[in-house]
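So the structure is just underneath, and the comments pick up after that.
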Amino acid sequence: MKNVAVLLSGRGSNFLALSDAVNAGKIPARIALVVSNRPEAPGLQHAVERGYKAICIPSRGIEREAYDRLVVKELQAENIDFICLAGFMRLLSGWFISQYPHRILNIHPALLPAFPGMHAQEQALEWGAKVTGCTVHFVDEQLDHGPIIVQYPVPVLDEDTEETLSARILVHEHEIYPEALRIVCEGRYTIEGRRLIVKPEPLPAELGLG
Ligand code: GAR
Numbered sequence: 007m008k009n010v011a012v013l014l015s016g017r018g019s020n021f022l023a024l025s026d027a028v029n030a031g032k033i034p035a036r037i038a039l040v041v042s043n044r045p046e047a048p049g050l051q052h053a054v055e056r057g058y059k060a061i062c063i064p065s066r067g068i069e070r071e072a073y074d075r076l077v078v079k080e081l082q083a084e085n086i087d088f089i090c091l092a093g094f095m096r097l098l099s100g101w102f103i104s105q106y107p108h109r110i111l112n113i114h115p116a117l118l119p120a121f122p123g124m125h126a127q128e129q130a131l132e133w134g135a136k137v138t139g140c141t142v143h144f145v146d147e148q149l150d151h152g153p154i155i156v157q158y159p160v161p162v163l164d165e166d167t168e169e170t171l172s173a174r175i176l177v178h179e180h181e182i183y184p185e186a187l188r189i190v191c192e193g194r195y196t197i198e199g200r201r202l203i204v205k206p207e208p209l210p211a212e213l214g215l216g
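For the sequence shown, my numbering begins at 7 and goes up steadily by one.
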């Protein structure tokens, strides 16, 4: 059983998808801590309503690494194994990332390395891409860059707006983030360079084939 922390800044729909999957017994983890950098984040309220330990550490006016040290102190106090960034709209310092190598996950609403950074769905529309999607990856020191755990493609329709495209991508974000967290919590992967190789799931014991 792994201890997971979720860091968020806003709506929190990916946090809710992770919470649902953990509650359904699909991931060998417990969400031990939810951290928001914004007091008004709806995701923080959802976490409180679901009974999680949920704290706000306001980031306004604090230097990046000083802020990260406050967050890491809370993560260490809960013995956190994996950190899920779920709409956490802050760059992590190199120091933070060095504390948790290959243990911080991020979800991004595009097929990386296409359209990193902010407004990925709008970037895909403006570029005229015919396909975009979503990516869950480990965080490294470069923005939206680390080894990819799971991706899912979503077609861009001629009539799409940023809102309709974002909504269709979001449905799949809510599927692949729990899937990726399950893979890492089960330890069912190896990393070779940039490539993350997912090992097959063990066959159910009752088949007698294992
Ligand atoms: C999600 O679409 C996530 O992919 C995106 O922010 C949204 C958060 O929604 N993240 C990024 O763009 C990171 N670069 P949520 O608060 O409902 O999970």
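Even for Gly, the Cβ is constructed at its ideal location relative to N, Cα and C.
- Which ranges would you report for the alpha helix (DSSP H) in the stretch 48-94 if only whole runs of at least 4 residues count? 48-55 and 70-83
- Between the CA atoms of Q157 and L171 - distance to the nearest angstrom: 16 Å
- Would you kindly work out how many angstroms separate the C-alpha atoms of A186 and E69, rounded to a whole number? 31 Å
- Message: Give me the residue from N43, E80, P45 and R56 with the minimum Cα distance to D26.
- Response: R56
- Message: Taking the alpha helix (DSSP H) that H178 belongs to, which residues open and close that run?
- Response: E168 to C191
- Task: With DSSP as the reference, label N29 as helix, strand or coil.
- Result: helix
- Message: Are there any heavy atoms of the ligand GAR lying less than 7 Å away from the beta-carbon of P161, as far as the coordinates show?
- Response: no
- For the beta strand (DSSP E) containing G139, list its first residue and its last residue. V137 to F144
- By a C-beta neighbour count over all protein chains shown, 10 Å radius and 16 as the cutoff for buried, is Q127 buried or exposed? buried
- Measure the C-alpha to C-alpha separation of V10 and V54 and round it to an integer number of angstroms. 16 Å
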